[in-house]
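Report on the structure given below.
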Amino acid sequence: MNFVLIFLIVIFSSSLFFYGKSKTKSISIERNIKLNALPKFYGYYLVLWSSIPALVFLLVWSLFEPIIIKSIIIETAANQGAIFNDKNEANLIYEKIKAIHLGTYFGDIDTILKESAISYSKFLNIFTNSKIVLIFVTIIASVIFSLKKIKNNNKAREDVEKILKGLLFVSSLIAILTTLGIIFSLLFESIKFFSVINIFDYLFGTNWSPQRAFVSDASAITTAEYEELKDAFGFVPLIAGTSFIAFIAMFVAVPIGLFSGIYMAEYASFKIRRISKPIIEILAGIPTVVYGFFAALTVGPFFRQIGESIGLTVSSESALAAGLIMGIMIIPYISSLSDDVINSVPQSLRDGSYAVGATKSETIKQVVIPAALPGIIGSVLLAVSRAIGETMIVVMAAGLAANLTINPLESTTTITTQIVMILVGDQEFDSPKTQSAFALGLTLFVATLILNYIAQRAVKKYREKYD
Amino acid sequence: MNEVKIKSNNLNVFYGDKQALFDVNLDLNEKEVTALIGPSGCGKSTFIRCINRMNDVIDICKVTGNIEIDGVEINDENLDVVSLRERVGMVFQKPNPFPKSIYDNISYGPKIHGKGETKSELDEIVERSLKKAALWEEVKDRLDEPGTGLSGGQQQRLCIARAISVNPEVILMDEPCSALDPIATAKIEELIDELKKTYTIVIVTHSMAQAVRVSQKTGFFHLGKLIEVGKTEKIFKNPDNKMTQDYITGRFG
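Chains as they are written, first to last, in my numbering: chain A, 1 to 467; chain B, 1001 to 1253.
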């Protein structure tokens, strides 16, 4: 229904473009005046004014309609004698009424609810009809308003610019508000978690096994229970596992990525570059779950075989396999970004170095790389945040056991993997186990934020040097 | 007249299919300033970039013919360009100091060629080069500050000091003053006058006045051909060629 309406509004207002254009042309000829803007701006003006108010109206209406109908229906149901004690029961009755209206309710339908269902469909009808009428009125009113402006030869160019600026502003506002919303939802759940588990016990605990955390009543936890609980939510093994795997990944990705970036930027001929750059970028397009297959089915067993042949016990899910594959996944990020920054180092610097008799490799090592360093640091830190946030490869290749170990051949786990583990399946939303996922999410978010901040600072500090 | 230092013989340069220089025969004298003038795209810069083989950096560039320095052919595949560029320094159109400290900008070249093994030797080279480039007094208290923080004229003198630091015999200057204001330009010109006592200098310039002020010999290029070459005085007062006459009087170019 709404989609049809939006479609009609858009079609109608776009067609007004031509009307506005020709109308202003004829006005300027008729009255022999110079227009304040090109005729097309009057067309845009009409399009924007006829569509935006109606669309905004539709949006606001759609947001409030269900809420208003719900309160009306619950009230009528109460008047007709339906009994409910609190909000939850009222909601339940409302859902029942809706189901009856849609014909999806199976069970005994009592007369009160049936009556309410009839009035529900009646209200729905009224609301839909009045919605259409009001949108129609809105469009008419805004078109009349804008036509009047156009006839008075308004400054359509400035007005269109203003409206567009407003639209762009709203878009960025939405992005910002979404971010805030995500942060707050994380924050509130985490606060619930930290009201049960002391934040220091969480941050410095060395044992992570949330599956042990059974609580009979979350609102009244005894001291003995808490001792048990805090042992289940120790963050240290997770951050250790995360950093360990990320470290292995960077150990693989930084040299290979950087060197291939240098090769692409400085040595590769145009032909080689044209072929190999897209191939490297395809590596970035492979879904991580596919890397996960590769790690779990090929690399993991391969390491185990090698380990066996030289008498080492290698777990088939090892930090080494996950880190290695993650490193391969990250190579294209580092390679592509450092290629770009190296390319943006001005040729004049290289010329200056060649002119005093430096060789190519001396020039790269002593002039080009230092000049490109901020960008390279930035790309590496971006890759680190990717490595820390990566989930799928670790789930598939590194296992789930939160071992506090520095042996790369044992299985470990990461923050993101544990979040997945905790939230998969049926969960009670007020148990500390579920809430711990949000705490983990918040911690991860803060960690990535700090990394990004450091990256930006580093880039800023060394910037501008070669301009 | 001084001795001939650099001698080009039927020099042709191609960028891909396009020929940029046609049979250029030009002799450059030792410890003298030779100015190359001509409209944009006439091949002056291409010519001086042949002298230190900077055209090697451009993939599609091909050079045929001969260039000799002190009678030794340098347009030779087997020639070691590193030692050639040690002997033939270059200063570019736009000042291009490295994003390093002033000190490191100067010590870069000597370090690469293994000159100045100890810190005090390096210090001495840096000081001598900066003094020769008439920059020492202005920067001696801030040698560890970035070279990019200097003014445009200072940056260009820093680049000259960098070229001098490896103790070359020839200095090529590709429109060294085109990005500078008149005061900075005057300083560089004074410097060139001083430097020609020690070095053979080739300068590409768009300013006739500059060519007259700094050079002893002038070559006029047009569309990749060397039209006329001779004593600066003669070229500007009484050129043989009509085209030269038209160019220096501003009738085309």
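For glycine and all other residues, C-beta sits at the position ideal for the given N, C-alpha and C.
If you follow the beta strand (DSSP E) that residue i is part of, which residue opens it and which one closes it?
i	result
D1174(B)	V1170 to D1174
H1222(B)	K1217 to H1222
L400(A)	Segment: none, L400(A) is in no beta strand (DSSP E) and carries neither H nor E.
D1023(B)	K1018 to N1029
E1228(B)	K1225 to K1231
L312(A)	Counting along the chain, L312(A) falls outside any beta strand (DSSP E), and DSSP gives it neither H nor E.
Y105(A)	No beta strand (DSSP E) contains Y105(A), which DSSP labels as neither H nor E.
Between residue i and residue j, which are expected to be in contact by the criterion C-beta below 8 Å, what is the C-beta distance as a whole number of angstroms?
i	j	result
I248(A)	L324(A)	7 Å
Q1216(B)	K1234(B)	Contact doesn't hold; Cβ gap of about 11 Å is too wide.
I406(A)	F233(A)	Contact flag wrong, Cβ pair sits at about 22 Å.
I1125(B)	S1107(B)	7 Å
Measure from the C-beta of residue i to each C-beta in chain B and report whether the shortest distance is under 7 Å.
i	result
G357(A)	yes
L173(A)	no
S348(A)	yes
A371(A)	yes
E227(A)	no
G352(A)	yes
V367(A)	yes
E266(A)	no
E30(A)	no
E362(A)	yes
Is there a Cβ of chain A sitting closer than 7 Å to that of residue i, yes or no?
i	result
R1049(B)	no
K1231(B)	no
I1006(B)	no
N1010(B)	no
E1086(B)	yes
V1204(B)	no
M1208(B)	no
K1094(B)	yes
V1082(B)	yes
V1166(B)	yes
F1098(B)	yes
Once you ignore the five residues that flank residue i on each side, which residues in its own chain have a CB closer than 8 Å to its CB?
i	result
I33(A)	I27 and N153
V1004(B)	D1027, L1028, N1029 and E1030
G292(A)	I325, M392, I393, V395, M396 and A397
S1019(B)	In the sequence under discussion, the amino acid at residue 1019(B) is Gln, which differs from the Ser named in the question. Contacts found: N1012, V1013 and G1224.
R1213(B)	E1189
Does the beta-carbon of residue i, which I'm using as the reference point, lie nearer than 6 Å to any heavy atom of the ligand HEM?
i	result
F194(A)	Looking at this structure, you won't find the ligand HEM or any other ligand, since it has none at all.
Taking 6 Å as the limit between beta carbons, can you name the residues of its chain near residue i, skipping five residues before and five after?
i	result
D1017(B)	none
Q1093(B)	D1174, E1175 and S1178
I160(A)	The sequence shown places Val at residue 160(A), rather than the Ile named in the question. Cβ neighbours of V160(A) beyond the five flanking positions: F41, Y44 and Y45.
A1211(B)	A1035, I1037, T1205 and T1218
I280(A)	P332 and S335
E464(A)	Because E464(A) carries a pLDDT of 49, less than 50, the predicted location of this residue cannot be relied on, and the following value inherits that uncertainty. Taken in chain order, the list of residues that qualify is empty.
A439(A)	S190 and F193
T434(A)	Q427
Can you tell me where the alpha helix (DSSP H) holding residue i begins and where it ends?
i	result
A319(A)	A319 to N343
C1042(B)	Careful: C1042(B) lies outside any alpha helix (DSSP H) and carries neither H nor E.
Q418(A)	I415 to L423
D351(A)	Q347 to A355
N91(A)	K87 to L102
K1005(B)	No alpha helix (DSSP H) holds K1005(B); the beta strand (DSSP E) holding it covers V1004 to Y1015.
Q80(A)	Looking at the DSSP string, Q80(A) is not in any alpha helix (DSSP H), and its letter there is neither H nor E.
A383(A)	I369 to G389
I11(A)	N2 to E30
K1131(B)	K1119 to K1132
K360(A)	K360 to T363
A224(A)	T223 to K230
S1107(B)	I1102 to I1112
D991(B)	With chain B covering only 1001 through 1253, there is no way to say anything about residue 991(B).
Quick one: what's got a C-beta closer than 7 Å to residue i's C-beta in the same chain, skipping five residues either side?
i	result
T242(A)	I388, T414 and I415
V380(A)	V254 and I334
D1076(B)	none
V1081(B)	R1053 and D1056
N343(A)	A265
S316(A)	G300, P301 and R304
P53(A)	T138 and S142
* Mind listing, in chain order, the continuous alpha helix (DSSP H) runs of no fewer than 4 residues lying wholly within the stretch 1134 to 1209 of chain B? => 1136 to 1139, 1152 to 1165 and 1182 to 1195, all fully within the stretch 1134 to 1209 of chain B.
* Asked: Quick one: complete alpha helix (DSSP H) runs, 4+ long, within the stretch 118 to 203 of chain A?
  -> Runs of the alpha helix (DSSP H) inside the stretch 118 to 203 of chain A: 156 to 196.
* Asked: Can you list, in chain order, the stretches of the alpha helix (DSSP H) that have 4 or more residues and sit fully within the stretch 1041 to 1092 of chain B?
  -> 1044 to 1051 and 1081 to 1087
* Let me know the alpha helix (DSSP H) ranges lying completely inside the stretch 252 to 298 of chain A, each 4 residues or longer, listed in chain order. => 270 to 285 and 288 to 293
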